[in-house]
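In this note's numbering, the protein residues as written are 337 to 527.
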């Protein structure tokens, strides 16, 4: 059975992932604007106990993260229920974490890659974030690179935040799944 153009769009979910300090929140917000999608910072969904632990320099365990990941997944499902896409900033450090998020639907990951030195420098220059630089080592230790996983785009953060976000958005839009969506939207707007 073929789908007609009047059938509802299958919403996509983009998770901008990586270690703390790589620019997930800022890049994800810019990618959301470029893709005309809603945005959510996954840090806002952490239970207070997780934020307290991280603020004290205590790395989260898998058991600490699992309920949070399910909250992120639920948010993704709820926010795309209307057929519109969303972009979420979420560390998604391990494959098992990404697999939980994949349960939400058509999930794409944008992995922000950068050296420890670059990210540590960025962490030192930011203010008002609960995650101390001291936890960066534990973030890299927990990170399982998303090699050989489907629907993953890796983007180097060795550029301005705007350039990183545009690179991510353009790479996504070039994929046939996204290209079809944005071509149809452009045609609809022009008619």
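Backbone N, C-alpha and C fix where the C-beta goes; we use that ideal spot for every residue, glycine too.
Model, not experiment: these values are computed from the prediction.
- Its Cα nearest to that of residue 379, the residue 401 stands out among 401, 394, 372 and 431.
- At a cut-off of 3 residues, the continuous stretches assigned as beta strand (DSSP E) that sit fully inside the region 341 to 405 are 348 to 353 and 374 to 377.
- Between residue 479 and the set 398, 365, 412 and 384, the nearest pair of CA atoms involves 398.
- Distances from the alpha-carbon of residue 360 to those of 427, 409, 374 and 394 put 427 closest.
- According to DSSP, residue pairing for residue 420 in a beta bridge does not occur.
- Given a length threshold of 4 residues, each whole run of the alpha helix (DSSP H) inside the region 467 to 511 is given here in chain order: 472 to 478 and 497 to 510.
- The C-beta distance from residue 423 to residue 368 rounds to 4 Å, short enough to meet the 8 Å contact threshold.
- For residue 418, the closest of 349, 388 and 392 by C-alpha to C-alpha distance is 349.
- The count of Cβ pairs closer than 8 Å, one atom from the region 351 to 359 and one from the region 435 to 446, reaches three, so the stretches are in contact.
- Here residue 515 has 509 as same chain residues with Cβ atoms under 8 Å from its own Cβ, once five neighbours each way along the sequence are excluded.
- A check of alpha carbon separations from residue 493 across 411, 410 and 457 identifies 457 as the nearest.
- Under DSSP, residue 513 shares a beta bridge with no residue.
- Nearest C-alpha to residue 405 among 366, 501 and 386: 386.
- Membership of residue 437 in the alpha helix (DSSP H) is indicated by the continuous run 431 to 438.
- Scanning 436, 450, 389 and 441 for the CA closest to the CA of residue 420 turns up 441.
- Across the structure, residue 370 and residue 474 are spaced so that their CA atoms are roughly 32 Å apart.
- Going by beta carbons, residue 347 and residue 410 fall outside the 8 Å limit.
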